[in-house]
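Here's the structure, in structure tokens; my notes come after.
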Amino acid sequence: MRTHAAPLLTQLAWLVRRFRPDRNPLRRTADRAETAVLAGLLTAFLAGAPFVSLGADHWAAAAGRHTERVQATWHRVPAVLLQDAPGSAGARFAVSLEPQVRARWTAPDGSARFGRVPAGRDGRAGTTVMVWTDSSGRVTGVPVQHAVMADEAVQAAVLASAALALLLLAAGRLARRGLDRQRLAAWQADWSATGPQWTSQR
Numbered sequence: 004m005r006t007h008a009a010p011l012l013t014q015l016a017w018l019v020r021r022f023r024p025d026r027n028p029l030r031r032t033a034d035r036a037e038t039a040v041l042a043g044l045l046t047a048f049l050a051g052a053p054f055v056s057l058g059a060d061h062w063a064a065a066a067g068r069h070t071e072r073v074q075a076t077w078h079r080v081p082a083v084l085l086q087d088a089p090g091s092a093g094a095r096f097a098v099s100l101e102p103q104v105r106a107r108w109t110a111p112d113g114s115a116r117f118g119r120v121p122a123g124r125d126g127r128a129g130t131t132v133m134v135w136t137d138s139s140g141r142v143t144g145v146p147v148q149h150a151v152m153a154d155e156a157v158q159a160a161v162l163a164s165a166a167l168a169l170l171l172l173a174a175g176r177l178a179r180r181g182l183d184r185q186r187l188a189a190w191q192a193d194w195s196a197t198g199p200q201w202t203s204q205r
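Here my numbering is used: the first residue of the sequence shown is 4, the next is one more, and so on.
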């Protein structure tokens, strides 16, 4: 544990010594500006991450509640297969994914509906499978469980914080690139002023 913590502490100490605000004559305005930018970005992340995460969690939870309301209108109905599944004994070719074949089922209004439904690899024409349909009789997917929606809300909160961190990191890199150009220009100006004095003394 200590072997991993020591390098991190060394790096933090180096950053503090390099960017801390003081009256060091070797520390230029660009260095102090970089310190202010880093401090501002860190403050923005610490202050904004909780709000961004909370907002993403609320948004995902609201989307989950909407999905649950829609799923409450779904019905599980029997569907009669009209052809053999590709993986069944009566089919010519087998596939690795769960096949979908043409089937017939009854909509809530009593009308007959036709379409493709998941049949499993052993589905044969004339057999019955259970499918989920919406209030209009269209086949839907399997309802999403509440626990899955809760996990998605947590993931949304984590991803929102990560996105904020990446955004601030990109802003910091752009700011540092601009400050580096200023530092190089300042160093070049200093060398133009002092360089001839050194070379003339040789």
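Where a beta carbon is used, it is the ideal one built from N, C-alpha and C, also for glycine.
Close Cβ partners of residue i (< 6 Å) along its chain, the five nearest in sequence each way excluded
i           : result
residue 216 : There is no way to answer for residue 216, as the model of the chain reaches only from 4 to 205.
residue 151 : none
residue 2   : Examination of residue 2 is not possible in this model, given that the chain is present from 4 through 205 alone.
residue 67  : 152
residue 82  : 106, 108, 120, 132 and 134
residue 46  : none
residue 110 : 116 and 140
Helix, strand or coil at residue i [DSSP, three-state]
i           : result
residue 73  : helix
residue 158 : helix
residue 79  : strand
residue 122 : coil
residue 128 : coil
residue 103 : strand
residue 185 : helix
residue 141 : coil
residue 195 : helix
Host beta strand (DSSP E) of residue i (start-end)
i           : result
residue 1   : The requested residue 1 does not occur in the structure, where the chain is confined to residues 4 to 205.
residue 110 : First-last for residue 110: undefined, no H or E at that position.
residue 136 : 131-136
Straight-line Cα distance separating residue j from residue i
i           : j           : result
residue 144 : residue 62  : 23 Å
residue 36  : residue 71  : 51 Å
residue 73  : residue 112 : 18 Å
residue 51  : residue 131 : 54 Å
residue 155 : residue 56  : 13 Å
residue 84  : residue 102 : 12 Å
residue 173 : residue 44  : 10 Å
residue 76  : residue 38  : 57 Å
residue 122 : residue 104 : 6 Å
residue 184 : residue 42  : 20 Å
residue 89  : residue 148 : 29 Å
residue 192 : residue 186 : 10 Å
Residues near residue i by beta carbon distance below 8 Å, same chain, minus five either side
i           : result
residue 40  : 175, 178, 179 and 182
residue 48  : 167, 168 and 171
residue 114 : 140
Beta-carbon proximity list for residue i, same chain, < 7 Å, skipping 5 on both sides
i           : result
residue 128 : 84, 85, 86 and 87
residue 64  : 156
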